[in-house]
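Accompanying notes for the structure given below.
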Amino acid sequence: MNPDENTQVVDEALTEESLIEEVSIDGMCGVY
Amino acid sequence: MLSDPSTAVSLDSAWALSPSVELRPEPFGALAYHFGNRKLTFLKRPELVAVVRALGSHPDVRGALVAAGVPEGQHAAYVAALSGLARTDMIRPVT
Amino acid sequence: MKLVEHFELGLDAPICLTWELTYACNLECAHCLSSSGRRDPRELTTEQCESVIDELQRMQVFYVNIGGGEPTVRPDFWHLVEYAVAHDVGVKFSTNGVRLTPERARWLAASDYVDVQISLDGATAEVNDRVRGTGSYDTAITALRNLHEAGFRDAKVSVVCTRENIGQLDEFKAIADRFGATLRLTRLRPSGRGADVWDELHPLPEQQRELYEWLVANGDNVLTGDSFFHLAAFGPEDGSGALPGLNLCGAGRVVCLIDPVGDVYACPFAIHDQFLAGNLLTDGGFDEVWKTSALFQELREPQTGGACSGCAHYDSCRGGCMAAKFFTGLPLDGPDPECVQGYGESALAGARTIPAAGQDHSRSAPSRNAPVLLTLSRRRPDSDLAPPVSPPVSACAESPLAGFAPN
Chain A
9 MNPDENTQVV DEALTEESLI EEVSIDGMCG VY
Chain B
340 MLSDPSTAVS LDSAWALSPS VELRPEPFGA LAYHFGNRKL TFLKRPELVA VVRALGSHPD
400 VRGALVAAGV PEGQHAAYVA ALSGLARTDM IRPVT
Chain C
2 MKLVEHFELG LDAPICLTWE LTYACNLECA HCLSSSGRRD PRELTTEQCE SVIDELQRMQ
62 VFYVNIGGGE PTVRPDFWHL VEYAVAHDVG VKFSTNGVRL TPERARWLAA SDYVDVQISL
122 DGATAEVNDR VRGTGSYDTA ITALRNLHEA GFRDAKVSVV CTRENIGQLD EFKAIADRFG
182 ATLRLTRLRP SGRGADVWDE LHPLPEQQRE LYEWLVANGD NVLTGDSFFH LAAFGPEDGS
242 GALPGLNLCG AGRVVCLIDP VGDVYACPFA IHDQFLAGNL LTDGGFDEVW KTSALFQELR
302 EPQTGGACSG CAHYDSCRGG CMAAKFFTGL PLDGPDPECV QGYGESALAG ARTIPAAGQD
362 HSRSAPSRNA PVLLTLSRRR PDSDLAPPVS PPVSACAESP LAGFAPN
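Sequence lines, in order, name chains A, B and C.
Going by this note's numbering, the first sequence wraps up at 40, each residue one higher than the last.
Going by this note's numbering, the second sequence wraps up at 434, each residue one higher than the last.
Going by this note's numbering, the third sequence wraps up at 408, each residue one higher than the last.
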């Protein structure tokens, strides 16, 4: 595969979801 | 506390980490906790953490992305991630 | 990488943790997860508690949930709260409200980074006091009123969902709204004294569904501490019906417990030698225990589904609650006792041995305000090893002797 094509695939796969994820401070089990 | 929607994150805008936010490094990137609004966000790439830390010392988002070594093809994705952080006041526009 | 996979391999510090400051308590709730009542003489001193806070600060723990027993009965409680906040560690404390006078409420309203959680298990005194004791409902409501009138914003009302109160969900929400507070619904686990009342108090299958549907419809402003991730299996197989939260067991991975004598357990619902990771006094401090204990290393290994791996809902329910399985004598790699697909009921019907009670700091004799359910249910920890449990008597059993076992 052409190296430029390879980079393109990686770029398209990078989404906001794969960079950040928000959770509630109360959103984990095992806490009062 | 949400950002004014009219100040959207763009490559040419200036942003900085909110003062109430603490960043804790983790093997995968970092945890960001906002002591004011109690939001907890996972920064899932070390590169993103580097960008967020660099924001305050660059005149615009593009400068921080370049300084952190983010390839140009990924800039749009990082701007989207920064928009997510702006929505929860993790980062604020520099006025 | 999915976030869940990151967590299953462990973090450098807990995201938040529970710290039980004392086993002493003015109440003797029938379902107390920490079997509290009497102070343990080995309780950490004020100086030792300050050292723990110093370490949490170094580890950048954002937030600690302080409980007990009743933490406010410690004379140094308010000092420790101030100390924590002054050292960059946010505090939420869980209380029955006994010490929340108007003056103390004003102090709290003026404090930043301190959150208050009031325990309430019935929307009426009749339902609440059966489990928590005479007068406990009034104490909790008074505390909420004091906080509200002092200008304290967004206290938490924390409810353990039981067979007896699931019909009151709307009323709980109304109480929280009335006092400017946020409702928190959590799961009853068969932990501590909860083991003694679990058979009669845990929600019935249809009530679990009622709870799930109520949360889906009303849960935008309701917290759950992610304690209902096992209910995600009520939703579609693609996991889209999961409630907000990480939807996995956090024990030893993102949370843990520090108990009043410095023991570190995987979870506040798992106070038992089986889940004891170490002691921060004797094992090199909390950071050392968190990072290197054998128990936590084991809990952080990727979990295979075991007997649950063939179930289409495994991805969203993750096999349910480790503590619920352990204290009902079920294998940890099998279904949760309250598995919504019904696999737990089948497992409970088989032969099992309920583990003997772990720690017990209960009062030696019930007080005159002891809740009705406590006096009915109490097993002593020094009694014979728990006999194998037979399945509960069916409501359809016809024989008048069904379930009768002569002494």
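Built from N, CA and C at the ideal position, the CB exists for glycine as well.
Per-residue burial, residue i [other beta carbons within 10 Å of its own, 16 or more giving buried]
| i | result |
| --- | --- |
| C:Asp260 | buried |
| B:Val391 | buried |
| C:Pro237 | exposed |
| C:Asn147 | buried |
| C:Ala177 | buried |
| B:Ala416 | buried |
| B:Pro366 | exposed |
| C:Asp29 | The residue asked about is misnamed: residue 29 of chain C is Glu in this sequence, not Asp. Buried, since its Cβ has 16 or more Cβ neighbours within 10 Å. |
| C:Val256 | buried |
| C:Arg154 | exposed |
| B:Val433 | exposed |
| C:Gly311 | exposed |
| C:Arg433 | With chain C covering only 2 through 408, there is no way to say anything about residue 433 of chain C. |
| C:Ser159 | buried |
| C:Asp385 | Because the pLDDT at C:Asp385 is just 39, under 50, the model does not fix this residue reliably, and the value given afterwards should be weighed accordingly. So C:Asp385 ends up on the exposed side. |
| C:Gly168 | exposed |
| C:Arg381 | Because the pLDDT of C:Arg381 is 48, which lies under 50, any placement of that residue in the model is unreliable, and the number read from its coordinates should be weighed accordingly. When all chains shown are included, C:Arg381 counts as exposed. |
| C:Glu214 | exposed |
| C:Pro303 | exposed |
| C:Ser120 | buried |
| B:Ser396 | exposed |
Local conformation of residue i per DSSP, three classes
| i | result |
| --- | --- |
| C:Thr376 | helix |
| C:Asp361 | coil |
| C:Asp264 | strand |
| C:Gln118 | strand |
| C:Tyr138 | helix |
| C:His314 | coil |
| C:Ala252 | strand |
| C:His203 | coil |
| C:Phe94 | strand |
| C:Thr47 | helix |
| C:Gly123 | coil |
| C:Gly69 | strand |
| C:Tyr213 | helix |
| A:Glu25 | helix |
| C:Val158 | strand |
| C:Ile167 | helix |
| C:Pro338 | coil |
| B:Ile430 | strand |
| C:Ile272 | coil |
| B:Tyr417 | helix |
| A:Ser32 | strand |
Inter-residue CB distance, residue i and residue j (contact presumed, cutoff 8 Å)
| i | j | result |
| --- | --- | --- |
| B:Thr380 | A:Glu24 | Contact flag wrong, Cβ pair sits at about 12 Å. |
| C:Leu374 | C:Ala126 | At roughly 14 Å, the Cβ-Cβ gap does not stay under 8 Å, so C:Leu374 and C:Ala126 are not in contact. |
| C:Val128 | C:Phe94 | No, C:Val128 and C:Phe94 are not in contact; Cβ-Cβ is about 24 Å, not under 8 Å. |
| B:Leu356 | B:Gly368 | Not confirmed; about 15 Å, so no contact. |
| C:Arg131 | C:Ser363 | About 18 Å separates the two Cβ atoms, so there is no contact after all. |
| B:Val400 | B:Val418 | 7 Å |
| C:Leu277 | C:Leu18 | The Cβ separation is near 15 Å, so there is no contact. |
| C:Ala233 | C:His314 | 7 Å |
| C:Ala218 | C:Phe180 | 22 Å between Cβ atoms; not a contact. |
| C:Phe173 | C:Ala124 | 5 Å |
Residue nearest to residue i in terms of C-alpha spacing, selected from the options
| i | options | result |
| --- | --- | --- |
| C:Ser368 | C:Cys17, C:Cys26, C:Leu216, C:Leu12 | C:Cys26 |
| C:Asp41 | C:Leu18, C:Gly263, C:His314 | C:Gly263 |
| C:Glu104 | C:Glu71, C:Ala151, C:Pro76 | C:Ala151 |
| C:Leu109 | C:Leu28, C:Val90, C:Glu83 | C:Glu83 |
| A:Ser32 | C:Gly136, C:Ile272, C:Gly246, C:Cys312 | C:Gly246 |
| C:Leu34 | C:Thr102, C:Ile272, C:Pro303 | C:Ile272 |
| C:Val86 | C:Ser112, C:Asp239, C:Gly220, C:Pro15 | C:Ser112 |
| C:Leu45 | C:Ala144, C:Arg301, C:Glu346, C:Leu282 | C:Leu282 |
| A:Tyr40 | C:Asp171, C:Leu12, C:His149, C:Ser192 | C:Ser192 |
| C:Val92 | C:Ala106, C:Arg190, C:Glu211, C:Phe63 | C:Phe63 |
| C:Gly11 | C:Leu121, C:Arg301, C:Ala358 | C:Arg301 |
| A:Cys37 | C:Arg190, C:Ser36, C:Trp291 | C:Arg190 |
Residue i beta carbon near the ligand COA (any heavy atom closer than 8 Å)
| i | result |
| --- | --- |
| B:Thr434 | For the structure depicted, the ligand COA is absent and the ligand set is empty, with no information on it obtainable. |
Whether or not the stretch 164-180 of chain C and the stretch 327-344 of chain C are in contact is what I'm after, with contact meaning three or more pairs of Cβ atoms, one per stretch, closer than 8 Å; do they touch?
Taking a contact to require three or more Cβ pairs closer than 8 Å, the stretch 327-344 of chain C and the stretch 164-180 of chain C do not qualify as touching.
Using 8 Å as the cut-off, can you tell me whether the stretch 260-277 of chain C makes contact with the stretch 289-309 of chain C, which would need three or more C-beta pairs spanning the two stretches below that distance?
Output reads yes: the stretch 289-309 of chain C touches the stretch 260-277 of chain C.
Taking contact to mean at least 3 C-beta pairs separated by less than 8 Å, is the stretch 424-432 of chain B in contact with the stretch 362-376 of chain B?
Yes, they touch.
Could you tell me whether the stretch 128-140 of chain C touches the stretch 93-109 of chain C, using the rule of 3 or more Cβ pairs below 8 Å?
A contact between stretches requires three or more CB pairs, one per stretch, nearer than 8 Å, and the stretch 128-140 of chain C meets this requirement with the stretch 93-109 of chain C.
Touching by the beta-carbon criterion (3+ pairs, under 8 Å), the stretch 227-244 of chain C and the stretch 195-202 of chain C:
No, they do not touch.
Should the stretch 311-321 of chain C be regarded as contacting the stretch 238-251 of chain C, the criterion being three or more beta carbon pairs within less than 8 Å?
Flag = yes, the stretch 311-321 of chain C and the stretch 238-251 of chain C touch.
Taking three-plus beta-carbon pairs below 8 Å as touching, is the stretch 346-360 of chain B in contact with the stretch 410-424 of chain B?
Enough Cβ pairs lie closer than 8 Å, so yes.
Any chance the stretch 322-337 of chain C sits against the stretch 300-310 of chain C, with 3 or more Cβ pairs inside 8 Å?
Yes: the two stretches touch, three or more of their Cβ pairs being nearer than 8 Å.
Within 8 Å, do at least three Cβ pairs link the stretch 59-74 of chain C to the stretch 12-22 of chain C?
Output reads yes: the stretch 59-74 of chain C touches the stretch 12-22 of chain C.
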